[in-house]
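Residue numbers (our numbering): 1 to 110.
Every residue, glycine too, gets a C-beta built ideally from N, C-alpha and C.
Computed from a predicted model, the values in this text were never measured in an experiment.
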Ligand SMILES: [Zn+2]
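This is how it looks when you write it as structure tokens:
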């Protein structure tokens with residue numbers, strides 16, 4: 001193995017190493033972004049669960065005969081959340097609905 005060959009292999013490896021470093025830092029940025037998104041979604045989910053619990057408690061205080069949550073209660077809660085202006089569809093769940101109806105949400109009512 002001559003000197004030139006060794007140098008070529010070395011610079012080749014060096015290039016690979018630099019590429020890896022670039023990939024790594026891109027991946028790290030993606031990871032940070034995902035973690036931020038995850039944090040935001042967890043926060044939103046927590047808020048929505050609390051809101052749902054509040055609504056469920058309001059319902060059960062009106063009707064003590066059914067301590068276990070029936071399908072109807074969950075349905076009513078979602079309908080109420082929709083009326084309050086939030087999406088209940090799997091596509092935009094929990095986000096503000098603006099003025100117009102959402103066809104994904106409306107499918108839920110059919
Ligand atoms: Zn929707």
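How about residue i and residue j: are their beta carbons less than 8 angstroms apart?
{"i": "residue 86", "j": "residue 94", "result": "yes"}
On a Cα-Cα basis, can you pick out the residue from the options that is closest to residue i?
{"i": "residue 100", "options": "5, 82, 52", "result": "82"}
{"i": "residue 98", "options": "84, 16, 106", "result": "84"}
{"i": "residue 53", "options": "77, 89, 96", "result": "77"}
{"i": "residue 79", "options": "50, 109, 12", "result": "109"}
Quick check: what's the CA-CA separation for residue i versus residue j?
{"i": "residue 48", "j": "residue 31", "result": "25 angstroms"}
{"i": "residue 22", "j": "residue 51", "result": "44 angstroms"}
{"i": "residue 127", "j": "residue 40", "result": "Nothing can be reported for residue 127: it is not among the residues displayed for the chain, which extend from 1 to 110."}
{"i": "residue 38", "j": "residue 57", "result": "28 angstroms"}
{"i": "residue 33", "j": "residue 1", "result": "47 angstroms"}
{"i": "residue 13", "j": "residue 43", "result": "44 angstroms"}
Near residue i, what residues of its chain come up, given a Cβ to Cβ distance below 8 angstroms and the 5 sequence neighbours on each side ignored?
{"i": "residue 46", "result": "none"}
{"i": "residue 89", "result": "102, 104, 105, 107, 108"}
Which same chain residues end up closer than 7 angstroms to residue i when comparing Cβ atoms and leaving out the 5 residues on each side of it in sequence?
{"i": "residue 5", "result": "none"}
{"i": "residue 55", "result": "77, 80"}
{"i": "residue 96", "result": "85, 86"}
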